[in-house]
Every structure is written in C-alpha cells, then in structure tokens.
Amino acid sequence: MASMIDLTHRVALVAGGAGAVGEGIVRAFLQRGATVVVPSRSAERLIDLRRRLDDPENLLTLEGDVSTVEGAAEIRDRALDEAGDLDAVVASVGGWWQGGDLVDVDTATWRRVLDDNLTTHFVLARTFVPVLRERASTYLMITGDAADVPVAGASLVSVAAAGLLALFRSLVLELRGSPIRVNVLYLGPVITRNRPDGRPDWLTADEVGTHAAYLASDEGAMAAGSVIRLTDRPPGRAAR
Ligand SMILES: NC(=O)c1ccc[n+]([C@@H]2O[C@H](COP(=O)([O-])OP(=O)(O)OC[C@H]3O[C@@H](n4cnc5c(N)ncnc54)[C@H](OP(=O)(O)O)[C@@H]3O)[C@@H](O)[C@H]2O)c1
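For this note's numbering, add 1444 to where a residue sits in the sequence shown, where the first one is 1.
As structure tokens, then:
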C-alpha cells in the first residue's frame, strides 16, 4: 500500500502536525510528494518539526491558533494564498488528559479538555470543509479508542472522543452528495517520539501517517464516511 501512494501536486494541511502523531502524518504526506501546511500555536514546535523532518522544501509552517474561529480563518486564508487550493485536511488535534474521577473535575478543566479535544475539531471542520466540499478532496479526523474504552481518571477524553464520532456522523450526513470524502482514523495507543518504547503490537506514528496518506490518495477513494479502526497490530506483523 505504502509504495503505490502518490500525492504529488496535492496540497494537504495537517492541523496538529507539530504533535507526536501529527509528525508521522506530515512525514508520510511529504514522502509521497505532497506539499504540506502545518499550523501551530508554537513557533518553537514548528522549528523542531522542520528539524526532525530534515528541512523539507515542501513543508509550509504557519504560526497561529486554529482553535478560534478567527485564528483558523487566518490560517486557512494564508494556506490558500501560499500553497494553493487544498486537496486534503487532517485534524490531529487534542491530547491525553488523566486528571481524576469525573465527580472531582472542575468546570474549568472540563471546558479546557473539551475545547482541546472536541471544540477545536468543530472549528476546524466549519473553517475548512466549506473550501473542500466542492472539490474531490478529503477531510480526516484522528481520534482514539477512548470513545468506547473509558479509562479511570480520563473520562473527559472519552466524552470528547464520543462527541467527535457524533460530529463526524453529522458531517457525513450533511455532506451527502458532495465529492469530499470524510473519514476517521480511530487509534489505539501509538508509538511516538514521546513514547518510543510502547508495546510492539502498537502502531507507530509513521504507520498512522501511511494510513492517512492512503486515505488522501486516489487509491483510498473507496473510503468515504468510514471509521477506520487501527487499534491492534495483527499477530506476527512487525512495525514498519
Ligand atoms: N499519542 C497517542 O498514543 C494517541 C493514541 C490514540 C489517539 N491519539 C489521537 O491523536 C491526536 C493527536 O495526539 P498527539 O498524541 O499527537 O498529541 P500531541 O502530541 O499533544 O499533539 C496535539 C496537537 O494538537 C494540537 N492542539 C491541542 N489542543 C489544541 C487547541 N486547543 N487548539 C489548537 N490545537 C490544539 C496541538 O497544536 P499546537 O502545535 O498548536 O500546540 C498539537 O500539535 C489526538 O486526537 C489524540 O486523541 C493519540
């Protein structure tokens, strides 16, 4: 699958591309010839990403905040100006939180974790889907299996992930008849730069990237409105 994917002349924006999973997605798109736009709130994280990827020519980094309507619109407009029409958007935003029992969570924490893991996805979708929906394009959301597998002390991540699946299903319904393909990659734990010594049956961030690149390619065109579960490596299959 990996070798046949060609994303030459495609432009992809990876929100959360400076993150641990996002880095694997950005690398996979670049390796297959795409121009990749990565926004981040942190100039330092963007510099670090560029260094980790060996300063690729086709990487455009934009400092900004996609969690606000204004910030996301600014990133969208700069991406369109500087990289051209977008063919693919990947939303790999959010992160883990494990702060205690649900009944002990204060409302400020509730709002912050739901903002990071759910509201930012809503803002990204309402900003980018309108510029993609008339094109043969793709929109991919990344989430974890916490939607179905609650972890003690991590309830807010589960609540946000379940909400994301509902957001996804609503989008798919409302975009029926449009050429855009919207999918979700539903992940188990991932081996990343932050957790290089994960279990051997976990996927690596680069493998997540390969799947994301496939879904953005012509070869992945059959996947539309799909939740693709990547939670377990089949026995006997080594990491690639
Ligand atoms: N790591 C895993 O093992 C794992 C497993 C299953 C699923 N996932 C999923 O993978 C996705 C990314 O996780 P990760 O491990 O890569 O996390 P990460 O390293 O913390 O990166 C998260 C990225 O999300 C962005 N982000 C977070 N909150 C944001 C906000 N309020 N506004 C704008 N951007 C925000 C950050 O952007 P900035 O660069 O602007 O800070 C950052 O680049 C999440 O959806 C997570 O549920 C991860």
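Note that CB positions come from ideal geometry on N, CA and C, so glycine has one too. None of these values were measured; they are calculated from a predicted model.
Asked                                                                                                              : Found
Top-ranked residue by Cα proximity to G1468, from R1485, G1632, S1536, V1567                                       : S1536
Segment limits, beta strand (DSSP E) that includes T1582                                                           : 1582-1588
Proximity test, V1513 beta-carbon vs ligand 1 heavy atom, cut-off 6 Å                                              : no
Closer than 6 Å: L1574 CB and nearest ligand 1 heavy atom                                                          : What sits at residue 1574 in the sequence shown is Pro, not Leu. Not under cutoff, so the answer is no.
Beta carbon proximity, D1550 to chain D, threshold 7 Å                                                             : Among the chains of the structure shown, chain D does not appear; only one protein chain is present.
Proximity below 7 Å, CB of A1580 to CB of A1591                                                                    : no
Proximity test, S1599 beta-carbon vs ligand 1 heavy atom, cut-off 6 Å                                              : no
Through-space distance from P1678 to A1456, alpha-carbon basis                                                     : 30 Å
DSSP three-state assignment for E1578, whether helix, strand or coil                                               : coil
Nonlocal neighbours in the same chain, by C-beta distance under 7 Å from Q1546, ignoring five residues either side : One detail in the question is off: residue 1546 reads as Leu in this sequence, not Gln. Closer than 7 Å at Cβ, skipping near neighbours: S1599.
According to DSSP, residues forming a beta bridge with V1510                                                       : Paired residue(s): none; V1510 is not in a bridge.
Short Cβ contact (7 Å threshold) for A1478 with G1653                                                              : no
Under the three-state DSSP convention, the category R1625 falls into                                               : strand
7 Å CB neighbourhood of L1629 in its chain, flanking five on each side removed                                     : L1584, I1586, V1652, H1655, A1656, I1672, L1674
For V1481, the three-state DSSP class (helix, strand or coil)                                                      : strand
Segment contact, 8 Å Cβ cut-off, at least three pairs: the region 1485-1497 with the region 1516-1529              : no
Environment of S1661 [buried if 16+ CB atoms lie within 10 Å]                                                      : buried
Coil, strand or helix - I1672 by DSSP                                                                              : strand
Exposure of H1565, with buried meaning 16 or more beta-carbon neighbours within 10 Å                               : buried
Rounded separation between L1490 and R1496 - CA only                                                               : 10 Å
P1640 CB to nearest heavy atom of ligand 2 below 6 Å                                                               : With respect to ligand 2, the structure offers nothing, as its ligand set consists of ligand 1.
Presumed contact (8 Å Cβ cut-off) between A1464 and T1648, rounded CB distance                                     : Incorrect: roughly 11 Å between the Cβ atoms, too far for contact.
Beta strand (DSSP E) segment containing V1533, residue limits                                                      : 1532-1535
CB of V1481 within 7 Å of CB of V1470, strictly                                                                    : no
Within 7 Å, strictly: CB atoms of A1532 and T1582                                                                  : yes
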